[in-house]
Each structure stands twice: as C-alpha cells, then as structure tokens.
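Residue 82 in my numbering is what sits at position 79 of the sequence shown, and the numbering runs on without skipping anything.
C-beta atoms are modelled at their ideal positions from N, C-alpha and C, and glycine is treated no differently.
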Amino acid sequence: MRLKIFLTADVHLGMKYSGYPANIQPCLIKARFDALRRCVKIANKNECDIFAVAGDLFDSRYIPHSDVIKAARIIDGFEGRVAVVLPGNHDFITAAPAEMWKIFQQNCGDDVLVLSEKRIYALSEFGLSVDLYAAPCDAKHSEESRIDWISDAEKNSSALFHIGIAHGTLEGTAADIEGNYYPMALQDLMRSGLDSWLLGHVHKPYPGKPGAVDRIFYPGVPEPDGFDCRGEGGAWQLEIDEDKNTRSEFISTGMYRFLHEEPELKNTGDLDRLRDKYTSGDLSRYLVKFKLSGKLPREAYEKLPLFIESLRDKLYYFEVSADGLSENITPADIDSEFSQGSFPHQLLSALADDESPEVLQIAYDLIREARI
C-alpha cells in the first residue's frame with residue numbers, strides 16, 4: 004500500500020493586507036482563497052488520499068463568517084479519502100471552541116476532520132490504515148510544544164502508517180528566535196516512533212532537498228504573504244510506501260511573488276542592469292520593494308525618475324526608498340554649475356576636498372533649493 008498526502012499549511016485566510024494600496028488589497032486577499040482552491044484541485048487531480056492543513060488555515064479566530072463558510076466549502080471539495088485541518092497558533096482552538104470553528108464544521112461533510120484534540124485519530128473509518136497523532140494549538144503563544152505525549156502513546160500495530168501533525172517551530176532554527184511558538188526539538192520528533200511529521204508555522208519549505216529517508220516536512224505557504232516571504236508559494240505532495248520511504252514533490256501553488264532588494268548603485272550600468280532585470284518578461288504578478296543606496300554620477304542620477312516609472316509600469320506593485328542614494332558630486336560638476344570664486348563654489352569645493360560626501364550632499368541640496 005502507498006499513501007498519498009497533499010500537505011499545506013499557513014494559508015492565513017482573512018489576512019487584511021492593510022499596509023497595501025486599497026486597489027490591490029482585494030486581489031491579495033482573494034489570492035489566498037484561490038491558492039487553497041488550487042491546492043484542492045491539484046490534490047484531486049493527483050488522486051491523493053489525505054488533504055492535510057497543518058495549522059493556520061485562518062489568519063485569526065475572528066474572520067467574517069462568510070470567509071469561514073467559503074473555506075469550508077473549498078476543502079469539502081476534496082475528493083480523496085479524508086481532509087484534516089489542524090488549528091494553529093493564529094486560529095487556535097480551546098475547550099470552548101470559537102464560533103469560527105463551529106461554523107466551519109457545520110459547512111463541511113463527514114470526510115473533513117478538525118483535529119481539535121491532542122489524541123490519535125484513527126483513519127480506518129475512511130478506508131486508510133493510518134493513525135494520525137494530532138497536536139493542535141490552544142493559544143497564540145507557547146514556550147512548549149504539544150507533542151510531548153506522543154512518544155509515550157501506545158502505537159496500534161494494526162495501523163500501517165503512524166503520522167504526526169503539529170504546528171510550531173524547530174528549536175534552534177532562525178524561525179525560533181523568540182522561542183514562544185510551540186518549539187519542537189528535532190530529537191523529540193525523530194524519537195517519537197512515528198513514520199512522518201506534517202508540520203506548519205514556518206513559512207519556508209523544509210527540507211530544501213528532501214530524500215527518501217526524510218520524515219519531517221514543512222510546506223511553507225501556498226501563497227506568499229509579504230516581503231519577508233521571498234519564495235514562491237507551494238505545497239508538498241508526499242507518497243509513502245510500506246517501507247516508510249517517502250517520495251516528495253514540491254508543487255507550486257502561488258500567484259503573486261514578493262521581492263525585496265537593497266541594491267547599491269555606483270554607475271549607469273548598475274541602473275541599467277537593475278531595470279533590465281525587472282522589465283524583461285512578464286512580471287505583472289510581482290510586488291517589488293527597493294531600498295537603494297550608493298552614489299551615482301549626475302547623468303545616471305538624473306535618470307532615476309524615469310527608471311522608477313519604468314518599473315511602476317511593469318510591476319504589479321512597486322515601492323522604492325532612495326534615501327540612501329545620492330548624486331556623486333565631482334569638482335567638474337561644481338565648476339560647471341557655480342561661478343568660480345562664488346560662495347557656493349568655494350564652500351562645495353572645500354567640502355569636496357575634505358572628502359565629506361554626506362556633508363557635501365546636504366550643502367549641495369540646500370544651495371540648489373535656495374536658488375529655485
């Protein structure tokens with residue numbers, strides 16, 4: 004028997020994108036639902052047995068009921084054996100579940116399970132020889148994971164596959180700097196006695212290059228959610244055989260891409276190369292942020308407004324900060340713009356000789372403003 008699982012997590016439905024222009028907010032919000040719909044469609048096409056959401060299907064516990072119903076109906080469209088949804092730290096569940104989870108369950112069929120308890124879910128009723136060990140989140144933050152019970156749990160020998168599903172960080176990784184997002188120790192996961200782990204919370208796919216013996220999988224996000232999310236959105240399709248070897252395939256599911264660069268510009272060639280990079284090909288779904296720095300000769304510096312406009316026309320969204328970029332003012336520039344012996348000429352020439360580029364730039368800008 005082979006078990007096929009489609010794994011996604013951190014869909015964050017209901018995310019508001021409040022820091023973005025009003026004309027693109029609805030598109031970014033809709034893209035998250037479209038990504039979930041795309042995941043279900045791919046899982047159906049590839050005849051997966053399990054559709055798994057490893058936490059944070061929703062961005063909070065208080066999103067509009069219409070969005071909850073929409074999500075429920077999308078997941079209810081999975082045609083495999085069973086879909087399972089684990090509450091994460093954003094949409095955590097307690098002994099008295101939020102109204103959101105009640106509405107979600109009311110709008111799903113019997114083959115969609117909300118993994119609301121720390122316990123083993125036997126999937127035999129769905130025709131699968133699988134025991135699922137669930138570790139849902141019960142608060143926004145926790146310095147302890149919810150997997151501590153699993154290593155001591157009695158394993159049913161009649162189940163062919165024993166699979167854990169949890170939400171949190173891996174201890175000691177960059178994602179675990181604060182240590183209050185349900186940190187899990189790698190050795191605890193490996194010593195749990197389970198065949199595989201389906202994890203959420205980290206917004207970057209893990210492992211980078213999985214092999215047949217890998218057991219721990221983070222899918223990242225199905226749709227990029229901001230400039231701190233550099234990669235494309237995607238999900239894992241996992242196929243586990245009876246020997247517990249795993250064939251994994253990372254599947255692209257996202258629509259938009261967020262890119263953040265901090266280029267240092269020194270000459271016209273740097274400006275041209277940057278423009279060519281972002282104006283060749285179809286970049287209409289790219290959101291790009293630049294933080295420019297460096298010093299450009301006058302000819303290149305005067306082209307900056309046209310450079311910015313050319314990118315605005317090509318990209319879906321473009322944000323640029325040029326506070327760290329200035330004109331490289333040379334003695335020749337000073338001679339050509341100011342009369343020899345004039346106060347501006349003497350001041351700027353002295354500052355140029357002192358090799359104080361920041362002070363020279365400030366003085367130059369003030370003098371030019373005073374002349375306007």
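>> Residues in the same chain with beta-carbon distance under 8 Å from Asn92, minus the five sequence neighbours each way, listed in chain order, please.
In response: Gly58, Asp59, Cys140, Ala142, Lys143, His144, Ser145, His170, Gly171, Tyr184, Tyr185, His204
> For the candidate residues Arg233, Asn270, Arg278, whose alpha-carbon lies nearest to that of Arg260?
Replying inline: Arg233
> With Glu330 and Arg301 assumed to form a contact (beta carbons below 8 Å), what rounded beta-carbon distance in angstroms separates them?
Replying inline: 6 Å
> Taking buried to mean at least 16 other C-beta atoms within 10 Å of its own C-beta, is Glu128 buried or exposed?
Replying inline: exposed
> Opposite Ile166 in the DSSP bridges: which residues?
Replying inline: Leu135, Ser199
> Where does Ser255 fall in DSSP's three states?
Replying inline: strand
> So, are the CB atoms of Ala303 and Leu262 less than 8 Å apart?
Replying inline: no
> Distance, Cα to Cα, Leu10 vs Leu290?
Replying inline: 26 Å
>> Does the region 80-100 come into contact with the region 21-38, if we say contact requires no fewer than three beta-carbon pairs (one atom in each stretch) closer than 8 Å?
In response: no
>> To test your reading of the DSSP string, which unbroken beta strand (DSSP E) runs of 3 or more residues are found completely within the region 87-146?
In response: 115-117, 123-125, 133-138
>> According to DSSP, Val56 sits in a beta bridge with which residue or residues?
In response: Thr11, Val88
> Taking three-plus beta-carbon pairs below 8 Å as touching, is the region 349-364 in contact with the region 316-326?
Replying inline: no
> Where does Gln240 land, buried or exposed, given buried means 16+ other C-beta within 10 angstroms?
Replying inline: buried
>> Below 8 Å on the Cβ atoms is my contact criterion, and I expect Asn47 with Arg76 to pass it. Report the Cβ-Cβ distance as a whole number of Å.
In response: Between Arg76 and Asn47 the Cβ distance is about 14 Å, and since that is not below 8 Å, they are no contact.
>> Ile180 and Gly167 - do their beta-carbons sit closer together than 8 Å?
In response: no
> For Leu16, which of Ser148, Pro67, Glu174, Pro213 has the nearest alpha-carbon?
Replying inline: Pro67
>> Buried or exposed, going by whether 16 or more other CB atoms sit within 10 Å of the CB of Val362?
In response: exposed
>> Using the Cβ count rule (16 or more neighbours within 10 Å means buried), how would you classify Val216?
In response: exposed
> Can you tell me whether Glu102 is buried or exposed, with buried defined as 16 or more other CB within 10 angstroms of its CB?
Replying inline: exposed
>> Let me check understanding here. Comparing Cα to Cα, which of Gly257, Ser283, Leu307 lies closest to Asp228?
In response: Gly257
>> If I follow the unbroken beta strand (DSSP E) through Gly229, where does it start and stop?
In response: Gly229 -> no beta strand (DSSP E), and no H or E assigned at all.
> When the Cα of Gly297 is compared with those of Ala55, Asn270, Lys121, Glu245, which residue comes out closest?
Replying inline: Asn270
>> Quick check: what's the CA-CA separation for Arg288 versus Leu318?
In response: 7 Å
> So Asp113 packs on Ala125, CB below 8 Å; how close in whole Å?
Replying inline: The pair is not a contact, with the Cβ atoms about 15 Å apart (cut-off 8 Å).
>> Let me make sure I understand the geometry here. Which of Ser313, Lys294, Leu307 has the alpha-carbon closest to that of Leu286?
In response: Ser313
>> Less than 8 Å between the beta carbons of Leu350 and Ala335, yes or no?
In response: no
>> As a quick exercise: from Glu242, Leu309, Leu189, pick the residue whose alpha carbon is nearest that of Ile150.
In response: Leu189
>> In this structure, how does DSSP classify Asp217 when only helix, strand and coil are distinguished?
In response: coil
> Does DSSP put Gly182 in a helix, in a strand, or in coil?
Replying inline: coil
> Which residue comes first and which comes last in the alpha helix (DSSP H) that contains Glu264?
Replying inline: Taken as a continuous stretch (DSSP letters only), Glu264 belongs to no alpha helix (DSSP H), being part of the beta strand (DSSP E) at 260-264.
> Where does the unbroken beta strand (DSSP E) through Leu330 begin, and where does it stop?
Replying inline: In the sequence as displayed, the identity of residue 330 is Glu instead of Leu. Per DSSP, Glu330 belongs to the beta strand (DSSP E) from 320-330.
>> Taking the alpha helix (DSSP H) that Asp370 belongs to, which residues open and close that run?
In response: The residue you asked about is not Asp; residue 370 is Ile in the sequence shown. It spans 360-374 - the alpha helix (DSSP H) in which Ile370 sits, taken as one unbroken run.
> Cβ atoms of Leu163 and Met4: under 8 Å apart, would you say?
Replying inline: yes
>> Is Arg40 a contact residue of the ligand NAP, with contact defined as CB to any heavy atom under 7 Å?
In response: In the structure shown, the ligand NAP is absent, as is every other ligand, since no ligand is present at all.
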